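Encoded as structure tokens, the structure appears first; notes follow it.
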């Protein structure tokens, strides 16, 4: 069975972090990813950029775009797509065409950090 | 540049996957994924089972805390994800507990929709 | 035996086993329940006509299996599809010998008490999945709205099915917390039934019996699990004294004043044998300690007196093991019996100071009142009885406390 492990954490805890500590944490994640791969269970994984860099899209056809993460108590994450685009505008364009936007659902567009 | 298009759905949206709107729902996503692939920009994607199937795990003081349901608080933000293929929920929870984020944050474990073979 | 009576007997003895078998591969308890309900309905039509089958359980399993496959065919979004369900069920049929149905109930109970299932729905889920209780009956027993209870059960069963919550045995690292969750869920059912000694509450009647039934199933499935034996022994001891807990006028009778001729000797014997089996396994635990305490109380029936020293030590051990304020309080009550009211009062006061939560606990005030009375502190005793009464909902117990206060 396939499972998504969604990693939630307090971004503010990263704000005052020392470079040494940041490096430590990254090493921990690399080690964890290796463990998953060695066990043959790893399918994919990505680090998302901070919520301040997110854009939230609403309204039929995605007419309403605001900065920041999608925060609504009535909606929960139902799925995701990963796309490679030349620019954020291009990505936003594609986001507005997601099927959920046909009836005015919700999309959050977040840059993925590629190290 | 890589982007995640995170799809947020209402309870009604989740129902649409299985009621008389199911065909339109799945056709819509199939067409979208197809379009992304045709444009050469598709880098992955997954449909998740609804929130009732979620479990949240934390590691505090070396002890595992397991909560029935998705992460619903607003104190923590989504910072990343892993997609894994394991035998069952217990196996997924065991891996979630080992994730570095478990000790300071929360790991939500959500099964993917199984597509019919 | 009439076929209706046969069906009832099979339902009583085999319901949980059949549900566990039918849902083990697919993890779909709700579908198994529906299929089995249909199979029973079919049996009530077919058996009078064709005569009762030699192996009614196998007949029901086969009928339910066919219904499951039909339902899978009709469902548009069957996870894994019909082929996988068929494969799973055929493997099962190969497992079944002429007389014996393989027993997957332990796995089902582990699934019901899984940490990913919200704690307050585990007991209800177990009562429904293993014993076939309706949501209405469970709701009434736990003083909840039936609709809300029904919804929570539906959600819990969906969780098991959709989250891949398997019926596999937990490995050694996780065994202890997982089996403890199963034990706690069974005990919660027992406690709900036991708090209604006269059985005035129609929905809670028999709940203690059902919990004991679950305890017996667990012991048969996990015979080397000392705490399962401990829990069963505990429940048997407590149930043995049911008829003595209220007198002929339905008044509350404290334990040390109970008429031991009203105690059920057969249950006590079974409890003692079970506890003996547990101690032979040499793995102490909370339920075994509680059972040993009840055993010490039960020995009054043949020794004429209670070994209070043993009870003090057992409650102290229990308190150390669990950190339970109630264990500490009960140790104080036993110290009072062993060493006198002065020592008991000191111990109870210390318990209350260490665990402020005890100040909301009726038995704490009842104990303080009793000890103050014995020490001649009438004023304090009266006040304490008032505090106790304010925290008690059982009319018979309130009347008893009032009587004691009035006699000061």
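Protein chains in written order, with the numbering used here: chain A, 1105 to 1219; chain B, 810 to 926; chain C, 1159 to 1566.
Glycine is no exception: its CB is placed at the ideal position from the N, C-alpha and C atoms.
Quick caveat: nothing in here was measured; it's all calculated off a predicted structure.
State the DSSP-derived secondary structure class of residue i, mapped to helix, strand or coil.
{"i": "residue 1180 of chain A", "result": "strand"}
{"i": "residue 854 of chain B", "result": "strand"}
{"i": "residue 1112 of chain A", "result": "strand"}
{"i": "residue 1519 of chain C", "result": "coil"}
{"i": "residue 1368 of chain C", "result": "helix"}
{"i": "residue 1272 of chain C", "result": "coil"}
{"i": "residue 1215 of chain C", "result": "helix"}
{"i": "residue 1322 of chain C", "result": "coil"}
{"i": "residue 1164 of chain A", "result": "coil"}
{"i": "residue 823 of chain B", "result": "helix"}
{"i": "residue 813 of chain B", "result": "strand"}
{"i": "residue 872 of chain B", "result": "strand"}
{"i": "residue 1177 of chain C", "result": "helix"}
{"i": "residue 1292 of chain C", "result": "coil"}
{"i": "residue 1175 of chain A", "result": "coil"}
{"i": "residue 1350 of chain C", "result": "helix"}
{"i": "residue 1127 of chain A", "result": "helix"}
{"i": "residue 919 of chain B", "result": "strand"}
{"i": "residue 1458 of chain C", "result": "helix"}
{"i": "residue 1379 of chain C", "result": "helix"}
{"i": "residue 1513 of chain C", "result": "coil"}
{"i": "residue 1201 of chain A", "result": "coil"}
{"i": "residue 1558 of chain C", "result": "helix"}
{"i": "residue 1210 of chain C", "result": "coil"}
{"i": "residue 1327 of chain C", "result": "coil"}
{"i": "residue 1442 of chain C", "result": "coil"}
{"i": "residue 1172 of chain C", "result": "helix"}
{"i": "residue 846 of chain B", "result": "helix"}
At a Cβ threshold of 8 Å, is residue i touching chain B?
{"i": "residue 1124 of chain A", "result": "no"}
{"i": "residue 1210 of chain A", "result": "yes"}
{"i": "residue 1113 of chain A", "result": "yes"}
{"i": "residue 1121 of chain A", "result": "no"}
{"i": "residue 1214 of chain A", "result": "yes"}
Measuring only between beta-carbons, confirm whether residue i sits less than 8 Å from chain C.
{"i": "residue 822 of chain B", "result": "no"}
{"i": "residue 810 of chain B", "result": "no"}
Go ahead and label residue i buried or exposed: buried means 16 or more other beta carbons lie within 10 angstroms of its beta carbon, across all protein chains shown.
{"i": "residue 1121 of chain A", "result": "exposed"}
{"i": "residue 1212 of chain A", "result": "buried"}
{"i": "residue 1286 of chain C", "result": "buried"}
{"i": "residue 1204 of chain A", "result": "buried"}
{"i": "residue 1237 of chain C", "result": "No answer about residue 1237 of chain C holds up, because its pLDDT of 47 lies below 50 and its placement is not dependable."}
{"i": "residue 1197 of chain A", "result": "exposed"}
{"i": "residue 915 of chain B", "result": "buried"}
{"i": "residue 1547 of chain C", "result": "buried"}
{"i": "residue 1184 of chain C", "result": "buried"}
{"i": "residue 1281 of chain C", "result": "buried"}
{"i": "residue 1312 of chain C", "result": "exposed"}
Using 8 Å as the limit for Cβ to Cβ distance, is residue i near chain A?
{"i": "residue 919 of chain B", "result": "yes"}
Per DSSP, residue i is paired with what?
{"i": "residue 1148 of chain A", "result": "B/892"}
{"i": "residue 877 of chain B", "result": "B/864"}
{"i": "residue 1159 of chain A", "result": "A/1171 and A/1213"}
{"i": "residue 886 of chain B", "result": "A/1113"}
{"i": "residue 1108 of chain C", "result": "Nothing about residue 1108 of chain C can be reported from this structure: the residues present for chain C run from 1159 to 1566 only."}
{"i": "residue 818 of chain B", "result": "A/1180"}
{"i": "residue 1186 of chain A", "result": "B/813 and B/853"}
{"i": "residue 1092 of chain A", "result": "Here chain A covers residues 1105 to 1219 and nothing more, so residue 1092 of chain A does not appear."}
Select from the stretch 1310–1323 of chain C all residues with a C-beta closer than 7 Å to any C-beta belonging to chain B, and list them in chain order.
1313, 1316, 1317, 1320, 1321, 1322 and 1323
Which residues, in order along the stretch 1165–1183 of chain A, keep a beta-carbon less than 9 Å from a beta-carbon of chain B?
1173, 1174, 1175, 1176, 1177, 1178, 1179, 1180, 1181, 1182 and 1183
Closer than 7 Å, Cβ to any Cβ of chain B: which residues of the stretch 1140–1157 of chain A, in chain order?
1140, 1145, 1146, 1147, 1148, 1149, 1150, 1151, 1152 and 1155
With 9 Å as the C-beta to C-beta threshold (strictly closer), list the residues of the stretch 1270–1287 of chain C near chain B in chain order.
1272, 1273, 1274, 1275, 1276, 1277 and 1279
Closer than 7 Å, Cβ to any Cβ of chain A: which residues of the stretch 823–836 of chain B, in chain order?
823
Identify each residue in the stretch 845–863 of chain B for which the Cβ-Cβ distance to at least one residue of chain A is less than 7 Å, and report them in chain order.
845, 850, 851, 852, 853, 854, 855, 856, 857 and 860
The stretch 889–922 of chain B: positions lying closer than 9 Å to chain C by Cβ
895, 896, 897, 898, 899, 900, 901, 902, 903, 918, 919, 920 and 922
Positions along the stretch 867–878 of chain B whose CB lies within less than 7 Å of some CB in chain C:
875 and 877
Which residues, in chain order, does the stretch 1326–1359 of chain C contribute to contact with chain B at a C-beta distance below 8 Å?
1326, 1328 and 1332
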